[in-house]
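A short worksheet on the structure shown next.
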Amino acid sequence: MTATIEPKPVAAGSPLWTFWRVFRKNRMATVGLVMLAAILLLAIFAPAFAPYDPNSSEGVESADVYQRPDATHWFGTDDAGKDIFSEFVYGTRVSLVVGFFASFISIVIGGLIGLTAGFYGGRTETLLMRFTDMMLVIPDLPLIVVIVALTKPSLWNIIFVIGIFGWTTTARIVRSQTLAVKSRKFVLRARGLGAGNAYIIRRHILPLVMPIMVVNAVLVVSSAILNESTLSFLGLGDPSAISWGQMLNYAFSRGAMSSGAWWALTVPGLGIVWVVLALTLLGQGLEQVLNPRLETHHLTPGRPIVPKEAAKPSKREAALEVQNLSIHYLKEEGRPPARAVENVSFTLLPGELMGLVGESGCGKTTLMLGLLRLLPAAGQIVNGSVLFQGQDLTTLGEDKLNELRWKGISIVFQGAMNALNPVRTVGDQIAEAIRRHEPDFPREKLPARVSELLELVGIAPARKDNFPHQYSGGMRQRAMIAMALACNPKVIVADEPTTALDVMIQAQILELLHSLKSRLGLAVVFVTHDLGVVAELCDKALVMYGGVTAEYGDVDTIYNAPRHPYTQELLKAFPDLSKPQKKLSSIPGYPPRLDALPTGCRFAPRCPVAFERCHTEAPALRVIAGGAADHVASCHRIEAEQ
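In structure tokens form, the structure reads like this:
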């Protein structure tokens with residue numbers, strides 16, 4: 122008795138099925154695959170499609186030479202009376218064979234060099250990458266032409282030569298990806314467990330590098346086909362093998378142009394264009410499928426995904442009012458979004474400075490970018506409103522929003538050296554902000570305005586013609602503040618403007634912000650990790666955890682009577698220099714992943730006073746009884762105590 126083993130079907134949740142589900146929704150990849158499949162079918166079943174033998178001249182008469190396309194010869198004939206369509210069909214085989222085999226050689230060589238250089242580093246990397254750089258600057262096509270001309274013109278010689286000169290880009294890409302992967306914690310863990318280099322490369326690095334190699338391989342195929350066509354067109358192809366390049370060579374050298382036989386040139390030319398376009402579309406589509414970040418290219422950054430009516434401002438004359446703002450980072454279908462901000466509200470009056478506090482990954486920067494709708498493409502406002510001067514910024518078009526950016530609300534980005542263009546002077550970059558947002562500003566007054574702004578933030582006006590690298594860290598941060606003030610905004614959002622600065626420079630920047638707030642009546646949102654800065658500088662504090670508001674109120678209340686356990690734990694971790702020295706406490710565990718949030722309260726897994734309800738039900742934001750009207754916190758214990 123013989124048992125029959127049925128092939129195991131692909132599970133609906135398997136990686137292959139997930140890849141196919143995403144792939145078929147990518148129009149670029151789908152069109153490229155269909156185009157490539159059509160030409161592959163033509164090549165595989167060439168005898169079935171070709172009506173004539175492309176190498177046979179039997180029965181050809183003089184009247185058949187350069188015969189125009191008709192019912193007998195769909196694409197006409199060549200100078201020998203041979204059917205061009207039949208030659209095209211069989212030429213497809215040769216061109217694709219050269220492309221795929223040469224690409225395989227290039228990817229293998231480039232992949233090995235890139236993996237070796239990236240993984241082993243040191244002298245090995247230096248030697249291999251210097252050799253790669255040297256090969257990269259040498260024009261490959263002229264070198265290929267010379268080598269093929271000096272060797273026997275055979276199809277396999279052409280494949281080999283094209284293959285060994287097409288690996289440089291692959292090597293650089295693979296090396297870069299390998300460098301990024303080998304420093305990941307799971308690779309370090311494998312090394313700590315005693316895994317050998319070959320095992321780590323095969324099991325941990327190669328699977329993550331392979332997708333980018335596949336994308337690059339598809340693009341290298343088109344390059345190889347173009348190189349073969351060029352060689353054959355120059356008369357360096359294999360005369361015994363019909364390819365599209367050979368067809369072009371024969372047509373040009375045998376008077377197709379002078380005879381008006383346009384079809385002899387057009388048909389192979391269109392074949393080359395078809396395949397190159399198909400491979401390019403497929404390669405670009407695969408890159409979008411394999412890199413989910415690129416899958417959001419069709420989204421409009423920061424726009425609400427559900428149309429809604431504009432929110433109405435409250436009765437108070439607020440400089441900025443945020444109501445129940447929720448921001449999600451969308452992923453491919455089937456995967457939950459990262460809920461980076463959920464139902465966050467606050468009100469900022471003119472002349473107020475609010476500190477936005479929380480650990481890394483709690484949603485502070487996303488909230489800040491959401492205020493100005495500067496989110497990346499995947500970031501979408503799914504609920505809530507941002508009110509400025511009676512207008513809901515979440516409902517405005519891009520043109521209207523640009524009118525308010527910098528003139529109404531401006532931003533000071535984290536890391537001034539990265540935010541400033543290194544090849545333009547600081548003064549020119551400040552002037553650019555004015556030119557873009559105030560086009561009617563007199564050009565002749567720009568230098569004076571730039572000098573005034575620099576002087577306002579404590580930089581000598583003469584330094585406006587310096588480049589960013591000629592400024593110290595503190596001066597660069599001051600320059601960023603000057604740029605934010607360029608169009609006299611009402612609100613400034615400062616994203617950790619004192620990061621990477623020493624204590625003295627931090628104090629100067631903070632003093633500058635406080636001074637500008639008082640002198641200009643600015644409302645400031647100050648994003649920071651430093652509770653000491655919030656206590657010294659801010660009027661209000663918004664404590665965030667896991668994308669939600671943990672506690673919100675005036676600074677004195679937050680510091681002297683915190684009600685949320687997370688706020689209390691943060692303050693315990695902050696040293697009090699007025700009391701005897703003691704061991705600093707820390708909050709055990711890590712903030713939650715925003716695409717895998719715990720059930721119930723998001724702080725419950727780390728909370729020292731959590732009880733059963735905290736793990737099953739998310740707490741609502743509650744006003745603290747007996748306190749200030751705007752002091753709120755989200756904790757079940759507050760409800761129980763009140």
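Residue numbers for the sequence shown follow our numbering, beginning at 122 and rising by one. Every residue, glycine too, gets a C-beta built ideally from N, C-alpha and C.
What residues are listed by DSSP as bridge partners for Lys661?
Met475 and Asp675
Return the residue from the list Ile321, Met156 and Leu386 that minimises the CA-CA distance to Arg189.
Leu386
If you compare alpha carbons, which of Asp716, Ile280, Tyr687 and Ala746 is closest to Ala731?
Tyr687
Thinking just about the alpha-carbon of each residue, which of Ser353, Ile322, Gln598 and Ile393 is nearest to the one in Thr213?
Looking from the CA of Thr213, the closest CA among Ser353, Ile322, Gln598 and Ile393 belongs to Ile393.
Name the two residues that bound the continuous beta strand (DSSP E) containing Glu449.
In the sequence as displayed, the identity of residue 449 is His instead of Glu. Start and end: Leu441 to Tyr450.
Considering only residues of the same chain and omitting the five flanking positions on each side of Gly491, which have a CB-CB separation below 8 angstroms?
Gly423, Leu446, Ile448, Val462, Gly500, Ile502 and Val507
Would you please state the rounded distance, in angstroms, between the beta carbons of Gly611 and Ala440? I believe it to be under 8 angstroms.
According to the sequence provided, residue 611 is Lys. The question's Gly does not apply to it. Yes, they are in contact, since the Cβ atoms of Lys611 and Ala440 sit about 5 angstroms apart, within 8 angstroms.
How many whole angstroms separate the CB atoms of Gly668 and Arg460, which I take to be in contact at a CB cut-off of 8 angstroms?
6 angstroms
If we ignore side chains and look at the alpha-carbon of each, how far apart do Ser661 and Asp561 end up?
Correcting the residue identity first, residue 661 is Lys in this sequence and not Ser. Taking the straight line joining both Cα atoms gives about 37 angstroms.
Could you have a look at Ser755 and say whether DSSP puts it in helix, strand or coil?
coil
Between the Cα of Trp365 and the Cα atoms of Ile259, Thr516 and Val215, which residue gives the shortest distance?
Trp365 has its Cα closest to that of Val215, out of Ile259, Thr516 and Val215.
Which residues mark the beginning and the end of the alpha helix (DSSP H) in which Glu738 is found?
Looking at the DSSP string, Glu738 is not in any alpha helix (DSSP H), and its letter there is neither H nor E.
Considering only residues of the same chain and omitting the five flanking positions on each side of Ile265, which have a CB-CB separation below 8 angstroms?
Val282, Ile283, Phe286, Asn348 and Leu352
Glu246 to Thr253, Cα distance in whole Å?
10 angstroms
Contact defined as beta carbons within less than 8 angstroms: I believe Phe196 pairs with Trp384. What is the distance between those atoms, to the nearest angstrom?
6 angstroms
How many Å lie between His635 and Leu470 at the Cα?
15 angstroms
Which same chain residues, not among the five before or five after Pro719, have their C-beta less than 8 angstroms away from its C-beta?
Excluding its 5 nearest sequence neighbours in each direction, Pro719 has C-beta neighbours in its own chain below 8 angstroms: Pro713, Ala725, Pro726 and His736, listed in chain order.
Please check the pair Leu340 and Gly390, which I expect to be a contact at CB under 8 angstroms, by giving their CB distance rounded to whole angstroms.
Contact flag wrong, Cβ pair sits at about 20 angstroms.
On the criterion of 16 or more Cβ atoms from any shown chain inside 10 Å, does Phe166 qualify as buried, or is it exposed?
By the C-beta density criterion, Phe166 is exposed, having fewer than 16 other C-beta atoms within 10 angstroms.
For a minimum of 4 consecutive residues, which ranges assigned as the alpha helix (DSSP H) are wholly contained in the segment 245-297?
261-271 and 276-285
Figure out for me which residue from Glu408, Gly232, Asn370 and Leu217 has the closest Cα to the Cα of Arg323.
The shortest Cα separation from Arg323 among Glu408, Gly232, Asn370 and Leu217 belongs to Gly232.
Could you spell out the range, first to last residue, of the beta strand (DSSP E) harbouring Ala644?
Ala644 to Thr649
List, from N- to C-terminal side, the alpha helix (DSSP H) runs of 4 residues or more that fit wholly inside the segment 321-395.
327-354 and 365-374
Tell me the rounded alpha-carbon separation between Ile321 and Val308.
7 angstroms
Alpha carbons only, please: which of Met665, Thr670, Leu692 and Tyr666 is nearest the one belonging to Asp677?
Leu692
Kindly indicate the opening and closing residues of the beta strand (DSSP E) around Gln501.
Gly500 to Phe509
Whose C-alpha, out of Cys608, Trp395, Pro263 and Asp586, is nearest the C-alpha of Thr546?
Asp586
When the Cα atoms are used, what is the spatial distance from Gly243 to Cys483?
Approximately 38 angstroms, taken between the alpha carbons.
From this set, Phe221, Ala338 and Met475, which residue's C-alpha is nearest Leu643's C-alpha?
Met475
Can we say the segment 593-603 touches the segment 511-525, given the rule of at least three CB pairs closer than 8 angstroms?
no
Going by DSSP in three states, Ser216 sits in which element: helix, strand or coil?
helix
Can you check which of these residues, Val330, Ala372, Ser227 and Ile708, is closest to Val342 by C-alpha distance?
The shortest CA-to-CA distance from Val342 to any of Val330, Ala372, Ser227 and Ile708 is the one to Ser227.
How far does the alpha helix (DSSP H) with Arg556 in it reach, from first residue to last?
Val547 to His558
Taking the C-alpha atoms as reference points, what is the distance between Leu658 and Thr619?
13 angstroms
What does a CB cutoff of less than 6 angstroms around Trp288 pick up in its chain, not counting 5 residues either side in sequence?
Ser227, Ile230 and Gly231
Determine the direct distance from the alpha carbon of Thr299 to that of Glu438, and round the result to whole angstroms.
Distance between the alpha carbons of Glu438 and Thr299 is about 55 angstroms.
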